[in-house]
Every structure is written in C-alpha cells, then in structure tokens.
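Chains as they are written, first to last, in this note's numbering: chain A, 1057 to 1183; chain B, 973 to 1744; chain C, -12 to 431.
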Amino acid sequence: MAGPKKTVTASSQSPVSAITSAGQDLVKSYVDNTPKRVKIIDTFLLFIMLSGVAQFVYCALVTNFPFNAFLAGFGSTIGQFVLTAAFRAQVNPSTRSEFTIISPERAFADFCIGSIILHFFVYNFLG
Amino acid sequence: MTILKLPTFAPSTLTNAASLIRILALAFIAGAAISSRLFAVINFESIIHEFDPWFNYRATRVLASQGFTEFWNWFDPTAWYPLGRVVGGTIYPGLMATSGVIYNILHALHLPVDIRNVCVLLAPGFSGLTAWATYMLTKELKDESAGLLAAIFIGIAPGYISRSVAGSYDNEAIAIFLLMITFYIWIRALKDGSVLYGTLAAVFYFYMVAAWGGYAFITNMIPLHAFVLLLMGRFSHRLYSAYSAWYAVGTLASMQVPFVGFQPVLTSEHMAALGVFGLLQLVAFVETIRNLLASKQFQLMLRWFLIAAGVAGGLIIVGLTVTKTIAPWTGRFYSLWDTGYAKKYIPIIASVSEHQPTAWPAFFMDLHMLIFLFPAGVVLCFKELREEHVFVIIYSVMASYFAGVMVRLMLTLTPVVCMTAAIALSSLLDTYLNVDEPANPDANGVKETATSGAETPVDGTISKKKKKGVAAAAAAAAVTPSIATKAKGRSSAENGIFGIDTRILVIGNAIFMLVMFVLHCTWVTSTAYSSPSVVLASRRPDGSQNIIDDFREAYYWLRQNTPQDSVVMSWWDYGYQIAGMADRPTLVDNNTWNNTHIATVGKAMSSPEEISYPILRKHDVDYILVIFGGLIGYSGDDVNKFLWMVRIAQGVWPDEIKESNYFTPRGEYKVDDQASEAMKNSLMYKMSYYRFNDLFSGAPAFDRVRNQQMPKEGPKLDYIEEAFTSENWIVRIYKVKKEDPLGRDLKTAHAFDGGKRRKPSKPISRRKALAA
Amino acid sequence: MQQRLLSWLAITLTVLASAWARSSAGDKVLVVSDAKLEAAEYSQFWDGLKNRGYELTFRKTSEEAPATSSFDVPSFSHIIVFAPSTKTYPADISPQSLVHLLSDPTQPTNILFVLQPSTPSSPLRDLGREFGISFPPPATPLIDYFNAVSPSNATSLLLTPPVTPHTPGFNGGDVLYSGVAHLRSNNPLLVDFLNAPPTSFSADPLEPADVIVEVAASGGEGFWAGGRMGLVTGFEVLRGGGRATWVGSLDLFRNAATAINGKPTANNAYALALASWTFQETSVLRIDSVEHRRISESSPRDQYRIKDDLIYRIHVSAYNPATGEWEPTSQIDDMQLEFTMLDPHIRTALSPVQGEKGWYETKFRAPDRHGVFKFIVDWRRKRYTALHSSTTVSVVPFRHNEYPRFLSSAWPYYLGALSTSAAFVLFCALWLLGGNEEEKKKTQ
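Following this line, the structure appears as structure tokens:
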C-alpha cells in the first residue's frame, strides 16, 4: 500500500464539490490501497448491511408483529456485521498493529466461534 | 544494597514455587470464604433463611422434581390467590437452573444429596468462585499479589457475606460471581482485542441476565467504560472488537430470558449501551476512512459526517422517546436518581427496609479497614491509568453513589472496594517488603531493584502467611510519596526505604490491621449476618441461649391442621415463607408485582371488621395471619408495619383510608387508650391485641415494643375467631367465619350467641295519615 | 314461563304427595309443647303426622329429656316448638341451640314454631327477631272485623290461604286463624305463606280503639296493621337446607277448629301441608354430581388453558315424597353457571340435556385471563331448596411451545437470518480457500 498521498488545496471550492472530490479520492484510495482479502470481507459486510437495511425497512413500513423474529433477523445481521468488522480490523495490515497477541489465524478462529454462538442465539430467538 | 540477604534460586524454581504457593493460597482463601459462611448451619440447622429464598427454593424443588420444561411453564395457583402467578415468565431462572444442574450432576454421580442442601450450600460454594474471579480481575490491574489480597478481602468481607451465607438462597449468591467474572472477561477482551473473549463475556452476561435483575449494572457499566475511553481519546480497534462482540451477542442472548423479553431494545436503562454501540461504529468507520484519505480532505468529510450523524441521531432518539416507543426509566431505577420519588408514588418500593439509604456506620461494619484503603487504591489507579484502571475508577464512583442511596447496593460496592484496597495494600507491602535499600544519595550508581520475578515469591510468601491484615490509613498516607515514585517505574533507585526498623514497624502494623480485619469480619458474620431470621435467638438471664421458634411452630400448625386448599392472608412479607413452610395458598407475597392486590390486603387489615369481611369473603380467605411482638419485644411485627399497610391502601383508595385517621389528634402513633377510633377498630389492631389482657391477669397489659399500656377493655372480634397463637404470641392465626346461616350480619349473630337481645323494631308507616 | 315449568314440577309432586308422604330428611319428630296444653286437643294433627310416617316424641317445655342432640349429634330430624309460654327454656332448646340445630350444615333440624295466641313468650320473641320476624307489643292479637267468624269474637278469623304447589294436601278452603301477626324484614330467606287481610290490625281485644287513636295522632307510625303483616312465614337457611316455619296461631292445629258452625274448615289439611313443607317433604332438590372437562377430552382436569372450550354438566334430582326416592328432574329452566375469579368472567345458562333426565349442561370458552377460577352454580328460589356448587380449577396461559411457531408475516426475517448464515459459511470457505495470497504478495 504505497500510493503517493494527494494533497488538495482547499482554496476556492464550494462544499458540495469539495465533498464530491474528496469522495472520489476516497474511493480511489480505497481501491488502490486495500488488499484483496480485505475487499472480500468488505463485500460480505456490504451484503450484510443491505440485508439488515431491508429487514429494518420491512419492519418499519409493514409490520413489526413477530417482534422477536425481527429482532432475531436484524440482530443476526448486526451481529454478523460487527463480528466481521472486528475481524477486518484484526486482519487489515493497517490496523493490525493494535492487536499484539491476536494473529490473523487466531482472529479467524475467534470470528468463527463468535459467529456460531451468535447464530445459535439467533435461531433460538427466531421461532 | 539489600537489607536482608535472600537465598538465590534458579528462576524456574522461583516461578514454579510461586505458582504452587498461589494455588495453595487460593485454595485456602476459598476454604476460608466457604467456612465463614457456615455459622448459621452449624448454630441452627441447614434451613433456608429470610423470605425471598423460600420462593427460590420452592421453584427449585419444582425444577428438581418435574424437570426443566415443567418448570419453564410452571403456573403457580397458590401464589397471589386467585390471580395465580406465571412463574416461568416472571423470574430470573439462573439460580434455579444452576441448582438444578448441580443436583442432577450429583445424582448422576450417585450422590443422593437432598435439593435443600444443594440450595443452602450453593452460596458458600459460589463465594469461593467469586474469590477466584476477583483474583483474576485484580491480577489484570496490578499483579498476582494484589489479586490474592483482593481474593481474601472479598472472601470474608461482611458486605458480601450478608447476602451469601449458607441458607441465603437468593439471586445474589451467584450474581456477584457472575459480575466479577464478566468484568474480568471484559477486561481481558479489551486488553487483547479478542472477539473470542468478547463473545465469552456476552455468554457470561447472558448467564448474569438470567440470574439477577441487577444485570442492568453491567449493561451500563461497560458502555460507560467504553464511552469514557472514547472521550479520553483512547479509541482503538481492540475496544471496537471487544465491545461490539459483547453488545451484539450479549443483547441478543439477554432477550432469550422471558422475564427480560424485549426490554433491552425498548427501555431507557438499556439505551446507553445501544448509544455507545452506535457511537463506536461511527468512530471505527471514521478511523478506517482516516487511513485512506489526506488529512485535509478527511477533516472536511469528518466535519460534514459528524453534523449529519449528530442531527439524525438526535432526531431519532428524541422522536422515539417522545412517542413512547422507548419506555422511560422504570420506578425501581428512577428512584436511585430521585430518592424522594418512591416515597410519594410507589410506597411499596419505599417500604422495603433494604431500600433505605445507607447509614454511615454500615460502611464500616461491612467493610472495616477496606473503606479507608478504598480512596487510596483509586488514586493509585489514576497513577497508572491503563484502560482497566479507567474501568475500576468508573466502577468505584458509580458504586459509591449507589451504595449511598440504598443499603441493598452495598453489595455492588464491596467487590470494587476489595479490589482497590488490595491494590493500595499491595503497593504498600511491595514498598516495605522490598529488600533493596536505595542507593546513597551522593552515589549515582543505578541499583537494579529486584525484578518482579524475585519480588513475587516474597510477596506470595507474605501474603500467604497473612491472608488477613489491614494497613492503617495514616501509614498509607505516609507511604504515598514513595509509592508514587515506585509506580513510576522501578528503575530509579533513588527512592526507597532505609533501614529494617521502618520496615518492621510498617509491616507489623499492616499485619496487625489485617488480623483485626479478620477478627472483625468473623465477629460480624457470626453475630449479625448468620441469623436465619426464621428462628430468633436471645439470651436468658442466666446466659443460656433461648431459641424462639414461633414462626415455624405457626407455619407447621397451618400445614397440619388446615385443609389443603385453605387460603391464608397475611402481609406480603411472609408470603413466601407461608408458601414454603405451610404450603398453603397466599394472597400476596414478597414478589409485590400487583400493587392493587397488596392494597386490597392493606385495606382489609386497616378497615373495621364490617368493611373487611366482604373483601375477605370475596377472596375466599380462610385464615388470617398476623405477627405480634408486644409480648416478648420483637420489633419487626405488623403493628410497626401497620402504617405502610395504610399508606399503600391509601394509594388506591384515598377516599376511604386516610393515614391521618390512625394517629392521635396530636399526631402520635399510639396503641393505648389514646389510640384513634380508626386505629382501635382496624382489623390489624384487634387481631394483635385480642385477649392480650388475659395474659396479665388483672394487671394492665403492657406492649413491650411500643412501650405503652393497653386499655383495660381488649378488642372484641365478631367476624373472625382465634385459631392459633404461638408460644411467645409472635404469630397469631385467625379463622374467618362463614356467612351467617340466618342471613344476619355476623356482628348481630355473634351478639345473639352471647345472649344479647335486640331492640324491637316498630313498623314504619307507608302512608301519611290524614291530619287529626 | 318459569312459573309454569316450576309449577309443573310441583304439581307432579303434589299429586303424588297427597297420598302418602315421607320426609327426605328423616322421620323423628320432637314435639316440645307447653305444660298447660293437652295433647289430645290436637290429636287430629298428631294422627295426620303419624299417618305420613313420622315418629312423634312428646316432651314438655320444662323437661330436659329427651334432648335434642347428644354429643353434638342431633337426635331428631324435626322439632315442633308448640306454643311454649315459659320465660326460660332448657339449654338444649334455648334460642341459641335452636339456631345452631337449624343451621347445622350436614344434618339440619327443621323447626316448626307455633305461637301462643296472644303473647309469644319472650325467648321466641327474641328468636323471631333473629329470623327477621318482629312481633307486635304483648297481648295484641290480630283483630279483623271483616273476616271474623262472628262479630263478637273479632280475634277468630276465617281466612283463605293461597293454594301453592309447595303446600300439597291443601287444596283451598277456609282456615280458622286466631293468633298474632308479625312483620317480616326484607331478609331474602323469608318465605311468605299466609298474609294478614288488609283490614286487620293488632290491638288489645278489650280496647281495640285505643291503638287506633294513638296511631292516628302519630301519623301512622307504629301501626301493626294491613296486608304486609304475615301470619305464617317460612324460612330457609342459607346453607344446608334447613327450614323453619313460624305460625302465629295455635288454634290452627286444634281439633275444635276443624269445623265451625257445622261447616268443616281446611285447618287440618293446611296444618299438615305446612308441616310437610317444613319437614322437607316437598320442593326439595339436590345436586347429585358435577362434571367439567374440555370438549375434546373425556376426563376432567384441574388445570385448563386460556381460551379452552369447556363443557360443564350438573345433575339435579328432586325428592319425591310419595315414593321416598330422589328422581332426576329436568324442570329447572333458569339455572346459571358463573365462571368466577373474584368477579364472574362468564355467566351462562345451564340448559337441560335432551334425552338425559336430570342433566344440565353448557359449553363455553375459557376467558383470556389466567388465574384460579371457580365453576359456581348458585340457584335460589323461594320455597325450593337452594342449589350451590363450587368447583375450583386453574386456568393457565399458553405453554411456551403452544404459541404459533412460524408466522407468515415474518418471512423476511427468516430469510435474512438464513441468508446471513449462508453468507457466513460462504465467506469462511472463500477466506480459507483464498489462502496465502498475502504472503505470496509479500514475497514477490
């Protein structure tokens, strides 16, 4: 991950265009600097987030009647999301330095155990 | 230069010896913790104490005899007659499940232990585990020696013993263990940043939610910790991993308990955790983006992002609270914030003796010297200020506040006091047990102080020798400068203690205080906290012990002399005991979930007989039970609790029952001939003093609790008749008469039976005659 | 409608009863009569009772034997308190013991009170008040100038009691009455058999006008007069079925009253009819059995579930005095069942089952509240025995696995949870297979 850092002169740009250009830079920097494995994690995260948003919208718009089912489904997406995000932080080289005793393999094992326990509670609560 | 010449060993020998000594020390500590809780069992018998444990015991018996499914669906028709109680959905099943599992394991091993013994001895057993959990947690804060000190402190501190003696089969028995272990795993998760430990913390948190209503403490303590770390600028991905794993899995798990249900997402007590969770997601997201952008662009995005997020978040929270989707703080927790709230609006909460504010002597009695070391330990935490120290500081502040508000919450203060006191004492001992003398002030050679490896066996030895010991606050204060230097790092040898005489003086003082601590704890435990409260003990004039067993005598009379389905009415304090020992349906019990039902009982107790009788008949009451202490001086009787009955009834029927009617015109609470009419006619008064004059054969009766002389004419009863009075007149049971067969009201019927004649009545004209 | 069916019931019994009748409660009768009375003057009444199968034992008021009960067990099924005039009674027939005997829940003793013509003795006065019956001042018999037998003797009245199915054997006719009237309170347990004529009043027969003058001065207060006064009043005890009757005239039972001026009166029939009601021959009902169960099951439980469909059945028999047997009766058409927890949650009618005589049943759905409920049948009609039955059951909420399990409206959540798990598995596979890409990249 060695792209040259870009600098932008924040002189005479309107906020909207400043944000959009910052956004484009962000995307480009992301695509360049992130390892492929982390990108796989990110697609997984995106999928989970969409699934969670869909369930939340359904709950808000249509009915929240089997509230426990909503909580179980939504909770499963939230839980999976944060577990994966934690896993990403533990594996991503840029943040890995904070974790002194967690190796990536240990991180993966933790992630699996956590997810399995999460799914166990989800299915217990679902019905 | 060292004061003493210590023998040298190989480092591996030292570590092995140290571990062995530590394990032995922990085993002894567990043994001390368990044995100091057995006073009640040895003095009296293996019996369940107090009130709430009787209900837990009944529930566990159902679990043990009928299995988990029946227990989960158990509907108790004998509690809160005739409303019944859906026990499966209204209790925290952790305690019963734990006992059930232990019982089944023992039986699977062909050890036929009675379920009562399992219940009675569960709390001491778990106290040993609590000592171990405290050791682990304090080890993370400082080192193993502080851990051992903390373990012994919590093992015998009266603040914890009071709720975990053998026989006190209540939720706190296992809840404190779960509290400490959850906190320990949280700290480990935070330090490692491990999702595994975070999930494990969630699993223990689930166990805690299943065990105690005080789980809300953890629910708010961990988010508060995370929030303070964020404010201190100490965000890290470890914090994110640990907290997110704990929150996501833990909240979902906690909703599995039926009694908790959907509260974790709907009530204000749990919103802090959700808020911090959301905040952490945002901060983590921001941090992740930060690495990908130039700093100026990043600042720009950050600013707009924060604005948008802040506005959206604020709108959502306000909107949800206003539309009442998020329930506001419930009365129990709100009364911790506004202490006058309960007295006005929820008298039941205010009337519980455990909910009264703590008096100052209670702190000393429960914690002895630890309460002095507590602030010293907190200050020491400020010196190091790692993440776990932040946690302990927050915990100590919150626990101090809560302990000041309610006596019952001394229990949550005790662990943190033990931990911080152990840190303080351990630091003191570290300094004075260090055999190295500082270098001469003019020599600038840097003497290596002993490594922690060599320190440890010394500390381990000393702490094994005196698992009892307390340091005076003065000594601690004098030592603070040197401790401060020591805390900065042991590399500088300019600070230290000269001479062996100071060392011996301070350590001797510390040993002395520790011995006093042990003596105090043992004395307090044996005299104050080991009473089964079902059996009272007093001293006769010649010094021998006099056992007052009236309660059991009366409950067993009920059990053996009344039909199985006869309903007993009493004040709610005794409901669980009646259900447990007398095995009869009760109207109200200690669960106090239905205020109107309790108010109905209060109204029946405080109204004259004619008004109470229809209430009694409507609820099919067959027997009424009152506690009266006027003969032997037992001050916890119903006459002293009477005003609470009146207040609670007044809350529901303010027009019919007024508290002021029960006082004399001068505003005194009297039961002698100056008592007000409402007082004299109330059912409670009549039942307590009925035939009391007969005991004094001619002399005026004297109430030893109120210290008043009773009027010459005792009360008369028409609607109920006396069924049983125990030996010392503590428990009195009355039978409710059925309706009169001739359709009269019972007062005239009773008068007729006594031979009184009625006044003749004249016919009333239905027409006006013409004027003569 | 109700009246019609009830009267059908009673008429059936009447026809059978007029022949020969036995009490459902037993045959032994104790007659406690005043010392000054001659048993022979009332022999027609005694013979009538003996013909019905009763065993009479005579005793004077002042005597102590035979006692009404020994060791708290009643010795007699019925007592006739025959016009005592003394001020004190022995302990076993004191007012308190009489009330106690009458209200015994399992073996009540029925009592027939017959009063002295002009002054009921004071214990009976006090006892009457307990029943809700109050007597006029002493020595004021009932006077009626419009119904008197002869104008000079205004205290002997010729009255026509109503014919009811509950007093079988009396089919109308005139009855000679000479005695006191009384006022009834509004006690619902009182049953009126014979009321005073509207033109009657209670006064001293020597100075009848005094009373009228006094009363006129006070605006009508305290005037013992009119049709609201009772002459014969029955009483049914609240629980246990004991019956008592207060008859204000001793002359009703006298042999000499069976004919007036050569014309026969119906005194004997009426007296015996009153006795037959009091001694529980007629209008006696009982509950034989009670059943409850879920409609879908066949045996009862002590615990039902909310919203269960329940069926409740009750079997009622009536006593047939002619045969001495309890026969099932389906004539009651207004029996109700209350399903009660503190207040009735369900109140429904129990209707007779076609084809099964004596059985009444109803079907209903248990309410949505859980708790301890009682099936209560509480049927009271005047002159009939009260029927009361209370059965306690619990109603429990749904078990945790009785709720509907998989709801169709929750499919997005099921889908979401399943997709998350599937995606997790897929991701794990991808990650593990994705292998050592990073290491390869590093070494390059």
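Think of the CB as a built atom: it goes at the ideal place given N, C-alpha and C, for glycine as much as any other residue. Here the structure is a predicted model, which means the values were calculated and not measured.
Asked: Cβ distance (whole Å) where A168/C is taken to contact G217/C below 8 Å; Found: 7 Å
Asked: Contact check, T269/C vs P149/C, beta carbons under 8 Å; Found: no
Asked: Collapsed DSSP secondary structure at H65/C in the structure displayed; Found: strand
Asked: Exposed unless 16 or more other CB atoms sit within 10 angstroms - verdict on G166/C; Found: buried
Asked: Cβ-based burial, I1357/B [other Cβ within 10 Å; buried from 16]; Found: Contrary to the premise, residue 1357/B reads as Leu rather than Ile in this sequence. Burial call: exposed.
Asked: Reduced DSSP secondary structure (H/G/I, E/B, other) of Q94/C; Found: coil
Asked: Sequence ranges, alpha helix (DSSP H) only - wholly within the stretch 1180 to 1219 of chain B, length at least 4; Found: 1187 to 1203
Asked: Assigned secondary structure, F351/C (DSSP; H/G/I helix, E/B strand, else coil); Found: strand
Asked: Complete beta strand (DSSP E) runs within the stretch 217 to 302 of chain C (minimum length 3 residues, chain order); Found: 230 to 234, 272 to 281, 290 to 292
Asked: Cβ of G342/C within 8 Å of any chain A Cβ; Found: no
Asked: Inside the stretch 1133 to 1183 of chain A only - alpha helix (DSSP H) runs reaching at least 4 residues; Found: 1160 to 1182
Asked: Inter-residue spacing [alpha-carbon to alpha-carbon] between S408/C and L1139/A; Found: 13 Å
Asked: Residue closest to L1530/B, alpha-carbon to alpha-carbon, out of I1519/B, A1554/B, P1513/B, F1234/B; Found: A1554/B
Asked: Where A1500/B sits in the DSSP three-state scheme; Found: coil
Asked: Contact list for F1230/A against chain C, beta-carbon separation under 7 Å; Found: Residue 1230/A falls outside the range modelled here, since chain A spans only 1057 to 1183, and no answer is possible.
Asked: Cβ separation of R281/C and V383/C, assumed to be a contact under 8 Å, to the nearest whole Å; Found: 13 Å between Cβ atoms; not a contact.
Asked: Residue-level contact to chain B via CB, F326/C, 8 Å cutoff; Found: no
Asked: Positions along the stretch 1069 to 1090 of chain A whose CB lies within less than 7 Å of some CB in chain B; Found: A1074, I1075, A1078, D1081, L1082, S1085, Y1086, N1089
Asked: Enclosing alpha helix (DSSP H) for D1522/B [first to last residue]; Found: 1522 to 1533
Asked: Per-residue DSSP class, three states only, for A1074/A; Found: helix
Asked: Sequence-distant residues of its chain with Cβ nearer than 7 Å to S1037/B (five each side left out); Found: none
Asked: Contacting residues, own chain, Cβ-Cβ under 6 Å from Y1212/B (five flanking each side not counted); Found: L1252, A1256
Asked: E1409/B in three-state terms, based on DSSP; Found: coil
Asked: Proximity below 8 Å, CB of G1056/B to CB of H357/C; Found: yes
Asked: CB contact below 8 Å: A1165/A versus chain C; Found: no
Asked: R1524/B versus P1580/B: straight-line alpha-carbon distance, rounded; Found: 29 Å
Asked: Residue interval of the alpha helix (DSSP H) (run including G1061/B); Found: 1059 to 1062
Asked: Residue of A54/C, D161/C, G214/C minimising C-alpha distance to L439/C; Found: Residue 439/C falls outside the range modelled here, since chain C spans only -12 to 431, and no answer is possible.
Asked: Start-to-end residues for the alpha helix (DSSP H) that takes in I333/C; Found: From DSSP, I333/C is part of no alpha helix (DSSP H) but of the beta strand (DSSP E) over 330 to 339.
Asked: A231/C and F157/C closer than 8 Å at C-beta; Found: no
Asked: S1733/B burial status per 10 Å Cβ neighbour count (16 or more: buried); Found: exposed
Asked: Cβ pair count under 8 Å reaching 3, the stretch 1538 to 1546 of chain B against the stretch 1716 to 1729 of chain B; Found: no
Asked: Contact list for L297/C against chain B, beta-carbon separation under 8 Å; Found: Result: empty, since nearest Cβ-Cβ is about 17 Å, beyond 8 Å.
Asked: Cα-Cα separation, F360/C to D1048/B; Found: 13 Å
Asked: Contact list for Q1136/A against chain C, beta-carbon separation under 9 Å; Found: T407, S408, A410, F411
Asked: Inter-residue Cα distance where the pair is Q1271/B and F1155/A; Found: 26 Å
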